[in-house]
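Contents: one structure, followed by commentary.
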Amino acid sequence: MGRGRVQLRRIENKINRQVTFSKRRSGLLKKAHEISVLCDAEVALIVFSTKGKLFEYSTNSCCVARVS
Numbered sequence: 001m002g003r004g005r006v007q008l009r010r011i012e013n014k015i016n017r018q019v020t021f022s023k024r025r026s027g028l029l030k031k032a033h034e035i036s037v038l039c040d041a042e043v044a045l046i047v048f049s050t051k052g053k054l055f056e057y058s059t060n061s062c063c064v065a066r067v068s
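For the sequence shown, the UniProt record's numbering gives the first residue as 1, with consecutive numbering after it.
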């Protein structure tokens, strides 16, 4: 049996929100890597935190150059 649905609403507690962001960010980066390997696809992912910190993933450097 699968997990239940998560209600999508803003997390009010700042610490919990940061922890959730960190966990989901790492999961998203992992999924981007998986899809690039499994499907031989070029993937570029750009994520900004609430403080403006940049997190990025790309399969190769040409993807980043095309985006910017």
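Here a beta-carbon is modelled for each residue, glycine too, at the ideal position from N, C-alpha and C.
- N- and C-terminal bounds of the beta strand (DSSP E) containing A32: No beta strand (DSSP E) contains A32, which is instead part of the alpha helix (DSSP H) from 14 to 39.
- Between V43 and T59, is the Cβ-Cβ spacing less than 7 Å? yes
- E56 and L45 look like a contact to me (Cβ under 8 Å); what is the Cβ gap, rounded to whole Å? 7 Å
- Message: Among A41, F21, K30, whose alpha-carbon lies nearest the alpha-carbon of E12?
- Response: F21
- Message: With DSSP as the reference, identify every bridge partner of E56, one or two as the case may be.
- Response: I46
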